[in-house]
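**Student:** Supplied in structure tokens, the structure appears directly below.
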Ligand SMILES: Cc1cc2nc3c(=O)[nH]c(=O)nc-3n(C[C@H](O)[C@H](O)[C@H](O)COP(=O)(O)OP(=O)(O)OC[C@H]3O[C@@H](n4cnc5c(N)ncnc54)[C@H](O)[C@@H]3O)c2cc1C
């Protein structure tokens, strides 16, 4: 048995012994744990699973041991992820700090920033939110206007961020700010780490059509940020942000694989259109489900290929760039197929006359639309693929 196989056997045994059975079921609405200083548990099993994974360093399995991570390389992280998926283990916690700003601080952060922010993030004590989008800067992110004026102690920040997921629970925001008004737009941006308890910050939640709202608009009125919280070079935030967006898109492309909330495509369609011997009776739906399942399989193989390429130190950009787009579109079509299978029962909102699964399908269908917007819309992803992967002209 090779070393990776031995590791896999150990991981499987550990997960089977330590992941409570109730944490091996798809989480219901709002049942995933958001880590941070305001962490809350809805059950003892949820708390146990969280603490056991945290104590293994497996909130951030790929970070160095001395910074609170699990010290695993990409191949071993992938084994852990695939075993968790195979055994239907829920993610023990959700934190943008682990998927996005953490890897960026590992690459661009000062030693002080790494020591200050990474160990508590890896232990779930700091929850993060992302302050990139503004009311007039989404796809064209470099048009952002939130200003940061330097003084002797650091920066004074004024402006507003919008669509900030989980800002109402986060301890810190990593934010892009305009630090130079005169420079070309990409050259006048910096990245700051902002304590959400700073005086002058106001967070207002925004309601969504899916009924699930984790969105906020955040207002900054003369908010002071210490100079030591600048990430990378002053006015050099655009390069840092581009790297962070790569981490965001990679994380998002893995969502469909994780045991995230949401109904199961094959199960829903099979129950709605039961034919003989467990087949889906409707040939059109059967065809769609088979196609989506094959796509999901291809995506898993591509993900595996990306890991193998990374292991061999090959450039993974081209393969990784396609994944976010692909996953988002597949998820949308999967939700549409479930709604089609349920017919009018797939369009429920109030609980009367609809089963919990049917209501969940409706919400999933509405929610799936956000996947092709969040983290860069599908159109923007196609532009990136056209230009940077296929080398097509502007
Ligand atoms: C679930 C979710 C979570 C989010 N969380 C966060 C967060 O935590 N922090 C944060 O900062 N932001 C967050 N966002 C915001 C997200 O990053 C933006 O919504 C996204 O980048 C699109 O920007 P926009 O909404 O301003 O749309 P716009 O940029 O106004 O785009 C509108 C439409 O025009 C299309 N379009 C725009 N430019 C082009 C072009 N050049 N070529 C072709 N088509 C184009 C877009 O594809 C889109 O369909 C989140 C969004 C969602 C849906």
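In this note's numbering, the protein residues as written are 45 to 438.
Just so it is clear, CB atoms sit at the ideal spot from N, CA and C, and this is done for glycine as well.
Where does residue 98 land, buried or exposed, given buried means 16+ other C-beta within 10 angstroms?
**Tutor:** For this step, residue 98 is matched to residue 54 along the chain shown. So residue 98 counts as buried.
**Student:** Keeping to the same chain, check which residues put their C-beta closer than 8 Å to that of residue 149; ignore five residues upstream and five downstream.
**Tutor:** If you number the chain shown from 1, residue 149 lands on position 105. 157, 158, 161, 162, 275, listed in sequence order.
**Student:** Go ahead and label residue 69 buried or exposed: buried means 16 or more other beta carbons lie within 10 angstroms of its beta carbon, across all protein chains shown.
**Tutor:** Walking along the chain shown from the start, residue 69 turns up at place 25. Answer is exposed; the Cβ neighbour count stays below 16.
**Student:** By alpha-carbon positions, which one of 433, 185, 287, 102 ends up nearest to residue 363?
**Tutor:** As a position in the chain shown, residue 363 is number 319, starting the count at 1. It is 433.
**Student:** My assumption, with CB atoms under 8 Å, is that residue 245 sits in contact with residue 267. Please give the rounded CB distance.
**Tutor:** In the chain shown, counting from the first residue as 1, residue 245 sits at position 201. In the chain shown, counting from the first residue as 1, residue 267 sits at position 223. Between residue 267 and residue 245 the Cβ distance is about 6 Å, and since that is below 8 Å, they are a contact.
**Student:** What do you reckon, is the C-beta of residue 414 under 7 Å from a heavy atom of ligand 1?
**Tutor:** By one-based count along the chain shown, residue 414 stands at place 370. Yes.
**Student:** Leaving out the 5 sequence neighbours to the left and right, which residues in its chain are closer than 6 Å to residue 271 when beta-carbon positions are compared?
**Tutor:** The residue given as residue 271 occupies position 227 in the chain shown. Closer than 6 Å at the Cβ level, and outside the excluded window around residue 271, lie 198.
**Student:** How is residue 107 classed by DSSP in three states: helix, strand or coil?
**Tutor:** If you number the chain shown from 1, residue 107 lands on position 63. If DSSP states are grouped into helix, strand and coil, residue 107 belongs with coil.
**Student:** For residue 273, which residues from the same chain have a beta carbon less than 6 Å from its beta carbon, with the 5 sequence-adjacent residues on both sides left out?
**Tutor:** Position 229 of the chain shown, counted from the start, is the residue given in the question as residue 273. If we look at residue 273 and ignore the five residues flanking it on each side, its Cβ neighbours are 236, 237.
**Student:** Does the separation of the CB atoms of residue 212 and residue 260 fall below 8 Å?
**Tutor:** Within the chain shown, the letter at position 168 stands for residue 212. Within the chain shown, the letter at position 216 stands for residue 260. In terms of Cβ geometry, residue 212 and residue 260 form a close pair [threshold 8 Å].
**Student:** Distance check for residue 387 and residue 264, CA to CA, integer angstroms please.
**Tutor:** Residue mapping note: residue 264 aligns to position 220 of the chain shown, counting from 1. Residue mapping note: residue 387 aligns to position 343 of the chain shown, counting from 1. Cα to Cα, the separation comes out at about 46 Å.
**Student:** Go ahead and pull the three-state DSSP assignment for residue 387.
**Tutor:** Position 343 of the chain shown, counting from 1, holds the residue named residue 387. Helix at residue 387.
**Student:** Taking the straight line between their C-alpha atoms, what separation do you get for residue 80 and residue 376?
**Tutor:** Numbered from its first residue, the chain shown carries residue 80 at position 36. Numbered from its first residue, the chain shown carries residue 376 at position 332. So the alpha carbons of these two residues sit roughly 30 Å apart.
**Student:** Can you tell me whether DSSP reads residue 205 as helix, strand or coil?
**Tutor:** Locating residue 205 in the chain shown gives position 161, counting from the first residue. Correct three-state label for residue 205: strand.
**Student:** Could you compute how far the alpha carbon of residue 178 sits from the alpha carbon of residue 82?
**Tutor:** Position 134 of the chain shown, counted from the start, is the residue given in the question as residue 178. Position 38 of the chain shown, counted from the start, is the residue given in the question as residue 82. The alpha-carbon separation between residue 178 and residue 82 amounts to approximately 26 Å.
**Student:** According to the Cβ coordinates, are residue 242 and residue 221 closer than 8 Å?
**Tutor:** Along the chain shown, one-based indexing puts residue 242 at 198. Along the chain shown, one-based indexing puts residue 221 at 177. Their beta carbons are not under 8 Å apart, which means residue 242 does not touch residue 221 by this criterion.
**Student:** Taking 7 Å as the cut-off, is the beta-carbon of residue 205 closer than that to any non-hydrogen atom of ligand 1?
**Tutor:** Start at 1 with the first residue of the chain shown, and residue 205 comes out as number 161. At least one heavy atom of ligand 1 is nearer than 7 Å to the Cβ of residue 205, so yes.
**Student:** By the three-class DSSP mapping on this structure, what secondary structure does residue 95 have?
**Tutor:** Indexing the chain shown from 1 puts residue 95 at position 51. Helix at residue 95.
**Student:** In the DSSP assignment, find the unbroken alpha helix (DSSP H) run with residue 314 in it and report its ends.
**Tutor:** Here residue 314 is taken as the residue at index 270 of the chain shown, counted from 1. It spans 309-316 - the alpha helix (DSSP H) in which residue 314 sits, taken as one unbroken run.
**Student:** Taking the alpha-carbon positions, what's the residue 335 to residue 382 distance?
**Tutor:** Here residue 335 corresponds to residue number 291 of the chain shown, with the count starting at 1. Here residue 382 corresponds to residue number 338 of the chain shown, with the count starting at 1. The straight-line gap separating the alpha-carbon atoms of residue 335 and residue 382 is approximately 14 Å.
**Student:** Can you give me the C-alpha to C-alpha distance between residue 332 and residue 218, rounded to a whole angstrom?
**Tutor:** Here residue 332 refers to the residue found at position 288 when the chain shown is read from its first residue. Here residue 218 refers to the residue found at position 174 when the chain shown is read from its first residue. Rounded to the nearest angstrom, the two C-alpha atoms are 41 Å apart.
**Student:** Around the Cβ of residue 395, are there at least 16 other Cβ atoms within 10 angstroms (buried) or fewer (exposed)?
**Tutor:** Position 351 of the chain shown, counted from the first residue, corresponds to residue 395. The residue is exposed, with fewer than 16 neighbouring Cβ atoms inside 10 Å.
**Student:** Figure out for me which residue from 71, 400, 109, 124 has the closest Cα to the Cα of residue 58.
**Tutor:** Within the chain shown, residue 58 is the residue found at index 14, counting from 1. Of all alpha-carbon atoms in 71, 400, 109, 124, the one lying nearest the alpha-carbon of residue 58 is that of 124.
**Student:** Which whole-angstrom value is the C-beta distance of residue 65 and residue 92, which I expect to be below 8 Å?
**Tutor:** Against the chain shown, residue 65 aligns to sequence position 21. Against the chain shown, residue 92 aligns to sequence position 48. That pair is no contact at about 11 Å.
**Student:** Cβ of residue 294 versus every heavy atom of ligand 3: is any distance shorter than 7 Å?
**Tutor:** Judged by which ligands are present, ligand 3 is missing from the structure shown, whose ligands are ligand 1.
**Student:** Tell me whether residue 427, by its Cβ, gets closer than 7 Å to a heavy atom of ligand 1.
**Tutor:** Locating residue 427 in the chain shown gives position 383, counting from the first residue. The answer is yes for residue 427.
**Student:** Determine, using beta-carbon pairs with one atom in the stretch 131-147 and one in the stretch 283-298, whether at least three such pairs fall under 8 Å.
**Tutor:** Yes: the two stretches touch, three or more of their Cβ pairs being nearer than 8 Å.
**Student:** Are residue 48 and residue 104 touching if we call contact CB-CB under 8 Å?
**Tutor:** As a first step, residue 48 is located in the chain shown; it is residue number 4 there, counting from the start. As a first step, residue 104 is located in the chain shown; it is residue number 60 there, counting from the start. No. Outside cutoff.
**Student:** Given a cut-off of 8 Å on the beta-carbon distance, is the pair residue 419 and residue 406 in contact?
**Tutor:** Mapped onto the chain shown, residue 419 falls at position 375. Mapped onto the chain shown, residue 406 falls at position 362. For residue 419 and residue 406, no; Cβs fall outside 8 Å.
**Student:** So which of 76, 169, 194, 127 has the shortest CA-CA distance to residue 136?
**Tutor:** Stepping through the chain shown from its first residue, residue 136 is reached at position 92. Minimum Cα distance to residue 136 is reached at 76.
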